[in-house]
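Residue numbers (this note's numbering), protein chains in the order written: chain A, 1113 to 1187; chain B, 759 to 922; chain C, 1401 to 1653.
Glycine included, every Cβ here is placed at the ideal spot set by N, Cα and C.
Read the structure below first, then the notes.
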Amino acid sequence: MELEAAKMIGAGIAIGLGAIGPGIGEGIAASKALEAIGRNPEAAGKITPLMFVSMAIAESTAIYALVISLIILFG
Amino acid sequence: MELFDALGLNGKILLAQLINFAVLVWVIWKFAYGPIVKTLNDRQKKIEKGIRNAAEAKDKLAEMEKREKQVLDKARQEAQEIIKKAESVAEESKQEIVQVAHEEASKILAEAKKKIEQEGQQMMSEIKKDLAELVLAATEKVVGEKMDLAEDKKMVEKIVSEIK
Amino acid sequence: MGLNISLSPEVLFQIGNFPITNSFLGGLVLSLVIVLGVWWLNRNLKKDVPGKFQNVAEILISGAFDFVVSIIGSEKKARRIFPLAFTMFIFILISNLATYIPGQAAVTLHRGEETVSVFRAVMADYGMVFVMTMVTVILVQIIAIAVHGPFGYLGKFFNFKSPLSFFLGLMDIVGELAKIVSLSFRLFGNIFAGEVLGAVMLFLAPFFMPLPFLFLGLLSAVVQAFVFAVLTVVFVKLAAEIEEEETLEQASI
């Protein structure tokens, strides 16, 4: 297998696998936040920004995967 | 670091971007954030002051209304008193006048009565005198002789006075 | 016509030996727009009856300020960090939204063999994001040193009480470095991925297909600007806290 092709495949696998966890995690965060808003609609203003921040933090792992795949591709 | 090259990191551009960003922060701080926060604070103070002023004015108005009512009440009371007083004075003077009138009327009446009585008496005495003479003359004619006697005259007078 | 995806911003021309890249030029132009907007706002600032633009600015600033206060807990501290965080938010937001002005992809510059597009999302330039991240991270370190003192600051990372705490201290160093990577690559990755996605969709099916992705990109444009500014504030808050914060929380961010 050529090195280039291996790099491409590796980068794809890296970002693909790395995105699974945050994807599930963000889904859970959003569903819980929506549940909470459904229970207590007055708290929506407080919950929404916190949800975005926690989702952004959960996204970190996907970001690391992105960095790794970028390093594989271009580094 | 090949990745840095791949990402296009360049010292000069980074410096320029840093300066650019710093200028942006400074501009927004100085010309947007500062003045707007100041404006908002000023407006908040102004609104608070306005609300306080409005409350004060309301209080003052209520107080003034109260005072006005008091003054009005007092004036009404005074007027009532004056009217009462005037009424009583009028009543008094009316009574006085009526009394005076009564007195005068009774006085006039009494005088009139007295006068009438006097006149009546006078008339009566005159009539009596006339009557006595008339009786005397009639008797003279009936008797046919002159009754010159003092005794007779006296008697006739007595009879006449008894008739009344 | 092939896909033209480049991780780094392309150089448009050189002034002396200073290369002007397309995203740097875009950043300058957008900064100029912001400065002009601020100048206009400042010139037409009315004390009592705000105009439309001033009204929007007031709502934005007072709402954002209240939010920062609610995160950081003290109005005095919030007043110090707010201008930086707010500038980051506004700059990122406007840069992200500016990419949705249509027709930008069509403007290209021919330089010999390659064609270079003149416009590029400012936040898809890692340099700009890196600069802002470094501002945040260095500021956080300065605040941590100022609050904990130099020895307290170093003691957080080099703890010789027990092997476990030593290891956790080392992890803290990794956490600080990871902050740089995660904070900057989150923004860069999202915007760059959005650009690439848009380009690919435009390449595959130019009509209607890119629309859902555009809406998604619009959402992420706003959310990423918000997240970047909020994380800056959160980092500052964590650094300024006196009590020992959980290392786990630090490492994961």
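Can you list the residues of chain C that valine 829/B reaches, using a CB-CB cut of under 7 Å? What you label residue 829/B is simply residue 71 of the second sequence in a count that begins at 1. Near valine 829/B there are no residues of chain C at all, since even the closest Cβ is about 39 Å away, more than 7 Å.
Query raised in the report: Closest Cβ-Cβ distance between serine 1166/A and chain C: below 8 Å?
Result: Residue mapping note: residue 1166/A aligns to position 54 of the first sequence, counting from 1. At a cut-off of 8 Å between C-beta atoms, serine 1166/A does not count as an interface residue with respect to chain C.
key: Partner residues on chain E for glycine 1589/C, Cβ-Cβ distance less than 7 Å   = Given the protein chain composition of this structure (A, B and C), no chain E is represented.
For the stretch 1522-1548 of chain C, enumerate the residues whose C-beta is nearer than 9 Å to any C-beta of chain B, in chain order. Against chain B - using a Cβ distance shorter than 9 Å - the residues of the stretch 1522-1548 of chain C are Asp1525, Tyr1526, Gly1527, Met1528, Phe1530, Val1531, Met1532, Met1534 and Val1535.
Notebook entry, point to check: Beta-carbon separation of leucine 1185/A and alanine 1117/A under 8 Å?
Noted result: Translated into the one-based positions of the first sequence, residue 1185/A becomes position 73. Translated into the one-based positions of the first sequence, residue 1117/A becomes position 5. Alanine 1117/A sits away from leucine 1185/A, with the two beta carbons spaced by 8 Å or more.
Taking contact to mean 3 or more Cβ pairs, one atom from each stretch, closer than 8 Å, check whether the stretch 1138-1147 of chain A and the stretch 1159-1167 of chain A are in contact. Counting Cβ pairs under 8 Å, three or more are found: they touch.
- [ ] Please decide whether glutamate 1171/A counts as near chain C, where near means a Cβ-Cβ distance under 8 Å.
- [x] Within the first sequence, the letter at position 59 stands for residue 1171/A. At least one chain C Cβ lies under 8 Å of glutamate 1171/A.
Within 8 Å of any Cβ in chain B, is that where the Cβ of glutamate 1458/C sits? Taking the third sequence and counting its residues from 1, the one referred to as residue 1458/C is at position 58. Between glutamate 1458/C and chain B, the shortest Cβ-Cβ separation is below 8 Å.
Taking the alpha-carbon of isoleucine 1492/C as reference, which of Ala1640/C, Glu1641/C, Ala1639/C and Val1622/C has the nearest alpha-carbon?
Position 92 of the third sequence, counted from the start, is the residue given in the question as residue 1492/C. Selected option, being the one with the closest Cα: Val1622/C.
- Item | Anticipated Cβ contact below 8 Å, leucine 1564/C with leucine 1631/C, distance rounded | Taking the third sequence and counting its residues from 1, one reaches residue 1564/C at position 164. Taking the third sequence and counting its residues from 1, one reaches residue 1631/C at position 231. Between leucine 1564/C and leucine 1631/C, the beta carbon gap of about 28 Å keeps them out of contact (Cβ cut-off 8 Å).
Practice prompt. State the DSSP-derived secondary structure class of glutamate 1410/C, mapped to helix, strand or coil.
Written response: For the purposes of this step, residue 1410/C is taken as residue 10 along the third sequence, with counting starting at 1. If DSSP states are grouped into helix, strand and coil, glutamate 1410/C belongs with coil.
Worksheet item: Taking C-beta to C-beta, are serine 1172/A and alanine 1141/A nearer than 8 Å?
Response: Here residue 1172/A corresponds to residue number 60 of the first sequence, with the count starting at 1. Here residue 1141/A corresponds to residue number 29 of the first sequence, with the count starting at 1. Taking 8 Å as the Cβ cut-off, serine 1172/A and alanine 1141/A do not qualify as a contacting pair.
Helix, strand or coil: how does DSSP classify isoleucine 1420/C here? Here residue 1420/C is taken as the residue at index 20 of the third sequence, counted from 1. Residue state for isoleucine 1420/C is assigned as strand, using DSSP reduced to three classes.
Worksheet entry | Pick from Gly1617/C, Leu1587/C and Phe1453/C that is closest to methionine 1601/C, judged by C-alpha positions | Reading the third sequence from its first residue, position 201 is the one you call residue 1601/C. By alpha-carbon distance to methionine 1601/C, the top candidate from Gly1617/C, Leu1587/C and Phe1453/C is Gly1617/C.
Practice item. Check the Cβ-Cβ distances between proline 1134/A and every residue of chain C, and say whether any is below 8 Å. Key: Translated into the one-based positions of the first sequence, residue 1134/A becomes position 22. Under the Cβ criterion of 8 Å, proline 1134/A is not counted among the residues facing chain C.
Once DSSP output is grouped into helix, strand and coil, what is the label at valine 1516/C? Here residue 1516/C is taken as the residue at index 116 of the third sequence, counted from 1. Strand.
Practice problem: Give me whichever residues DSSP pairs with histidine 1510/C in a beta bridge. | Solution: Stepping through the third sequence from its first residue, residue 1510/C is reached at position 110. Paired residues: Thr1515/C.
**Request:** Pull up the distance between the alpha-carbon of serine 1462/C and that of alanine 1625/C, whole angstroms please.
**Result:** Working through the third sequence from its first residue, we reach residue 1462/C at position 62. Working through the third sequence from its first residue, we reach residue 1625/C at position 225. The C-alpha of serine 1462/C lies about 17 Å from the C-alpha of alanine 1625/C.
Residues of the stretch 1413-1433 of chain C whose Cβ lies closer than 7 Å to any Cβ of chain B, in chain order:
Those would be Phe1418, Pro1419, Thr1421, Phe1424, Gly1427, Leu1428 and Ser1431, in chain order.
Margin query: What residue range does the alpha helix (DSSP H) around serine 1620/C cover?
Written below: For the purposes of this step, residue 1620/C is taken as the residue at position 220 of the third sequence. Unbroken alpha helix (DSSP H) run through serine 1620/C: 1610-1640.
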